[in-house]
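Numbering (UniProt numbering), first residue to last: 1 to 172. Glycine is no exception: its CB is placed at the ideal position from the N, C-alpha and C atoms. No experiment lies behind these values; they were computed from the predicted model shown. For reference, the structure discussed in these notes is given below.
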């Protein structure tokens, strides 16, 4: 029973890491596609407003990023937490006959990491906090880049990409 409990913990942990790997692929794709769109200065009209395509791509990347957060944190992390709690309960019973039993408990004790924020404030971060930090950093990077690309560009160009290409050909 203990062995199966450990296997279930490993299973959910593996699923969470696969989710994060896919999320990183989406993050990388969003930044790459946004870079191409920014290079071309592609603008899209949305409800009469000129929006940089690069900002739209990054915003959609953010939406996908948050969907991965939902699946990871709200769905599988809860299942992993339940499997870990079951392992702790099981190990407590096992210690009556086998005092060395305690792998799940030892992993839990070793997991917290002290993290410094802004060189002054420090906090001990557990697995759920690490998960939130991972998705917060990625999400913030996507949103900040989207806003910066929108605000840092001429958001009201007088021509579209097709007009730019046509005028460059005429000048040649």
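Between the CA atoms of residue j and residue i - distance to the nearest angstrom
| i | j | result |
| --- | --- | --- |
| residue 89 | residue 128 | 20 angstroms |
| residue 141 | residue 30 | 11 angstroms |
| residue 165 | residue 134 | Low local confidence applies: a pLDDT of 42 at residue 165 is under 50, so the model's placement there is unreliable, with the coordinate-based value given in what follows. Each residue's Cα considered, the two are about 41 angstroms apart. |
| residue 96 | residue 59 | 54 angstroms |
| residue 137 | residue 77 | 18 angstroms |
| residue 48 | residue 106 | 58 angstroms |
| residue 153 | residue 24 | 27 angstroms |
| residue 132 | residue 44 | 33 angstroms |
| residue 3 | residue 110 | 20 angstroms |
| residue 7 | residue 15 | 12 angstroms |
| residue 92 | residue 108 | 14 angstroms |
| residue 101 | residue 94 | 6 angstroms |
| residue 46 | residue 122 | 43 angstroms |
| residue 117 | residue 22 | 27 angstroms |
| residue 28 | residue 74 | 23 angstroms |
Buried versus exposed, by CB contacts within 10 Å (16 or more), residue i
| i | result |
| --- | --- |
| residue 65 | buried |
| residue 52 | buried |
| residue 120 | exposed |
| residue 115 | exposed |
| residue 72 | buried |
| residue 5 | buried |
Continuous beta strand (DSSP E) stretch holding residue i: start and end
| i | result |
| --- | --- |
| residue 50 | 49-52 |
| residue 78 | Residue 78 -> not in any beta strand (DSSP E); alpha helix (DSSP H) instead, spanning 77-94. |
| residue 74 | Per DSSP, residue 74 belongs to no beta strand (DSSP E) and is neither H nor E. |
| residue 117 | 113-117 |
Proximity winner among the options, relative to residue i (alpha-carbon distances)
| i | options | result |
| --- | --- | --- |
| residue 1 | 12, 86 and 40 | 86 |
| residue 11 | 81, 74 and 100 | 81 |
| residue 17 | 151, 130 and 102 | 130 |
Unbroken alpha helix (DSSP H) run spanning residue i, endpoints
| i | result |
| --- | --- |
| residue 134 | 127-151 |
| residue 36 | 2-40 |
| residue 100 | That residue, residue 100, is in no alpha helix (DSSP H); it is neither H nor E in DSSP. |
Chain-order list of residues whose beta-carbon lies under 6 angstroms from that of residue i (same chain, five-residue window excluded)
| i | result |
| --- | --- |
| residue 54 | 34, 37, 38 and 149 |
Cβ neighbours of residue i in the same chain (closer than 8 angstroms, five flanking residues each side left out)
| i | result |
| --- | --- |
| residue 26 | 61, 64, 65 and 68 |
| residue 9 | 80, 83, 84, 87 and 104 |
| residue 19 | 68, 71, 72 and 76 |
| residue 147 | 55 |
| residue 144 | none |
Cut-off 7 angstroms between Cβ atoms - residues of its own chain near residue i, not counting five sequence neighbours on either side
| i | result |
| --- | --- |
| residue 112 | 124, 125 and 126 |
| residue 57 | 30, 33, 34 and 37 |
| residue 139 | 62, 65 and 66 |
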